[in-house]
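Numbering-wise (UniProt numbering), the sequence shown opens with residue 1 and increments by one. Right, one structure below, let's go through it.
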Amino acid sequence: MLVHGLATTRVIWRRVLPLLERSRRVVAIDVPGFGESPAAGEGFDLEVVADDIANGLEEIGVKAPFELAGHSLGGALAIVLADRHPGAVRSLVLVAPAGLRRVPNAAAQLIGGAAERALPLRRRGAALADTPWGRRLLMSPGTKDPASIPPAEVRAMLKASQGATRTGAALTAVAQVDLRPRLASLKVPVGVLWGEHDRIIPPSGIETILHARGADTPVRTIDGAGHIPMMERPEQFSLALEEILTALSRHRNIAATRSP
1 MLVHGLATTR
11 VIWRRVLPLL
21 ERSRRVVAID
31 VPGFGESPAA
41 GEGFDLEVVA
51 DDIANGLEEI
61 GVKAPFELAG
71 HSLGGALAIV
81 LADRHPGAVR
91 SLVLVAPAGL
101 RRVPNAAAQL
111 IGGAAERALP
121 LRRRGAALAD
131 TPWGRRLLMS
141 PGTKDPASIP
151 PAEVRAMLKA
161 SQGATRTGAA
171 LTAVAQVDLR
181 PRLASLKVPV
191 GVLWGEHDRI
201 IPPSGIETIL
211 HARGADTPVR
221 TIDGAGHIPM
231 MERPEQFSLA
241 LEEILTALSR
251 HRNIAATRSP
């Protein structure tokens, strides 16, 4: 199960879905308040949204426990979901997750407001997607090489982002939490995946996760990719995700063997 990040929708997974579906059933959702999923009430509460996701998956027939991967904001939601619904998650992969360090309130509100103000440019930017310089304008600083993303993918993401009605509220919410204690206490195995050139949530966050989860946590980095490696380097991303899930499956099997 795939959960997207801030100011995007499930469209962000389009380039990796066919690759991942070769070996497993894959469900990519729109977080409530983004894409085609309506917002639940006012603002953005991580706990409420995580519960809504868990309940929604049950309603559409996704059987628990499932493998869960969350990117950026989706990583924060995945941690909360795994904490609140431990029986639902078989294993967890965090892709450049947000929420591992609290940001001062004033700064969080400033960042959230800036994200909201940037949305109109993205909504009017479909024509820019056809040129390398336009893709650099639209996709920086989230990518290492914006020109590597096909124009059709950029246009699809821009169109889908028109439904991102909770971008500012979600960014403010995730900036005000520190999920490290909850991450450390999770009972499910956790893996980490990061773009090597991520300027939005730097790969130094890997050390934070290793400190919380242990040095044997499976980690993969994607060379030539920034904050959205699933769009920039879909083949490498899919392979890395499969490797992590395989490692986590072995971890579960060993743990089960050792259980009384």
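No residue lacks a Cβ here, since even glycine has one placed at the ideal position from N, Cα and C.
request  = State the DSSP-derived secondary structure class of residue 207, mapped to helix, strand or coil.
outcome  = helix
key: Presumed contact (8 Å Cβ cut-off) between residue 95 and residue 193, rounded CB distance   = 5 Å
ask   = Just curious, the beta strand (DSSP E) that residue 60 is in, first and last residue?
value = From DSSP, residue 60 is part of no beta strand (DSSP E); its letter is neither H nor E.
inquiry  = Tell me the residue span of the beta strand (DSSP E) that contains residue 68.
reply    = That run of the beta strand (DSSP E) goes 66–71.
ask   = Any idea what DSSP makes of residue 200, helix, strand or coil?
value = coil
query = If residue 149 sits next to residue 135, beta carbons under 8 Å apart, how far is it from one beta carbon to the other, in whole angstroms?
reply = Confirmed, Cβ separation roughly 6 Å.
task = Could you tell me whether the Cβ atoms of residue 166 and residue 34 are closer together than 8 Å?
result = yes
inquiry  = So, with DSSP's three-state summary, where would you put residue 250?
reply    = helix
inquiry  = Considering only the alpha carbon of each residue, which of 246, 221, 182 lies closest to residue 23?
reply    = 246
key: Nearest-angstrom Cβ-Cβ length linking residue 90 and residue 219, presumed shorter than 8 Å   = Incorrect: roughly 19 Å between the Cβ atoms, too far for contact.
inquiry  = For residue 51, which residues in the same chain have their Cβ closer than 7 Å to its Cβ, ignoring the five residues on either side in sequence?
reply    = Non-local beta-carbon contacts of residue 51 in its own chain, meaning distances under 7 Å to residues more than five positions away in sequence, involve 84 in chain order.
task = Within 10 angstroms of the Cβ of residue 146, are there 16 or more other Cβ atoms? Answer buried if so, exposed if not.
result = buried
query = CA-CA distance, residue 81 and residue 71?
reply = Computed Cα separation, rounded: 13 Å.
ask   = So what does DSSP say about residue 34, is it helix, strand or coil?
value = Look at residue 34 here: in three-state DSSP terms it is strand.
request  = Grab me the residues of residue 77's own chain with a C-beta within less than 8 Å of its C-beta, minus the 5 sequence neighbours each way, in chain order.
outcome  = 3, 31, 46, 49, 50, 53, 70
request  = Report back the beta-carbon spacing between residue 227 and residue 201 to the nearest angstrom; my notes put them in contact at under 8 Å.
outcome  = 6 Å
query = alpha helix (DSSP H) containing residue 220: first to last residue?
reply = That residue, residue 220, is in no alpha helix (DSSP H); its beta strand (DSSP E) goes 219–222.
ask   = Is residue 195 near residue 144, with beta carbons less than 8 Å apart?
value = yes
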